[in-house]
Structure formats: structure tokens, C-alpha cells
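Down below is the structure, laid out as C-alpha cells.
Residue numbers (the working numbering): 241 to 411.
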């Protein structure tokens, strides 16, 4: 299980091979050298658009909540390996492994929240029924490292694209 594998299965495999970007332009965090992505982003002058989703606990790109940090401290975290929360493992097992939590890894390597927040544009897509509450908290909740997506309230060009299911009232 990896984001690289997810992208291969759900995105790259659906694009005409003549139209897809070269393999060397597909960059993913490496647990052996987490800072490599951060250095590359800096060398290339930043990220134009960051695409992603939101976890049930408000995580972005597996940047799990760290309520003990201030929003400013959290916003400085770079690419790293971390332990996945039980909520993240459960939601991903339901969505990608037929509920087999045992098949979910305990740790992940993730691009840093600093790199996500530093993108000129951030575009998030949500589509699950449980995203209803997540979208509300993302838009109206207090900006906090306890629910990382709330940090995007201060981003100059961030948007959430939601299906009718995900944008309905949560209850």
C-alpha cells in the first residue's frame, strides 16, 4: 500500500501512455530520504497546485493531527515518516481494503504540511458521506493543528470540491 501505488492504479493507468508525464517527473516521498521532496520543491521554486483529499480527522496528505502544536508550529513540518492514527487506518481500510484494517500499514511517509500550505493553489476533492462533517469543520472550525485542514482557511487560494453527498448537512 502506497500513494505511489494508488496513483498508478487510479490515475496513471487511465491516461493514454503518449499523454502521461514521464516517470522521472512523478515524485513521491521516500522513507529513506524524506527531505528529498522538500529540497526538490525548493530547487524548482515551489509547487503551483497541490491536489489532495481530507482524512476523517482532518489530515492532509497523512499530516495527522498534532493538537499539542500551535498552528504555526504545525505549518512548519516538512516531509517525514509518521504513525497513522486508528481513524486514518479505519477510514482507509473501509475505502480501499474492504474493511481489512490488518492490511493497513502503521506508518506512512508524507509530504510536509509546509509544502502543501506553500503551494500557490490547493485543491481538495471530497466524495464520501463521512466528509459531510469534515467539510463543515474545514470551513468553519477553529484553525488548529488538531484538525489540520483548518489551516487552509488562511491560504490565499484553497478550494474544496465536494460531491452532493459530501456537501450535504452532516445530520
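Backbone N, C-alpha and C define an ideal beta-carbon position, used for all residues, glycine too.
Fair warning: this is a prediction, and the values are worked out from it, not measured in the lab.
Taking the beta carbon of residue i as the centre, do at least 16 other beta carbons fall within 10 Å, making it buried, or is it exposed?
i	result
residue 263	exposed
residue 300	buried
residue 317	buried
residue 269	buried
residue 319	buried
Would you report the Cα separation of residue i and residue j, rounded to the nearest angstrom?
i	j	result
residue 315	residue 321	16 Å
residue 330	residue 274	25 Å
residue 373	residue 258	40 Å
residue 409	residue 369	10 Å
residue 266	residue 381	34 Å
residue 327	residue 376	18 Å
residue 346	residue 323	6 Å
residue 280	residue 397	22 Å
residue 307	residue 256	43 Å
residue 332	residue 342	11 Å
residue 243	residue 383	27 Å
residue 272	residue 290	23 Å
residue 356	residue 395	10 Å
Would you call the CB atoms of residue i and residue j closer than 9 Å?
i	j	result
residue 302	residue 350	yes
residue 298	residue 411	no
residue 378	residue 353	no
residue 385	residue 305	yes
residue 404	residue 371	no
Check whether the segment 388–407 and the segment 301–318 touch, using three or more Cβ-Cβ pairs below 8 Å as the test. yes
Please determine if the segment 363–377 and the segment 294–304 are in contact, where contact requires at least 3 C-beta pairs separated by less than 8 Å. yes
Cβ contact check for the segment 332–339 and the segment 278–285: 3 or more pairs under 8 Å: Three or more Cβ pairs closer than 8 Å define a contact, and the segment 332–339 falls short of that threshold against the segment 278–285.
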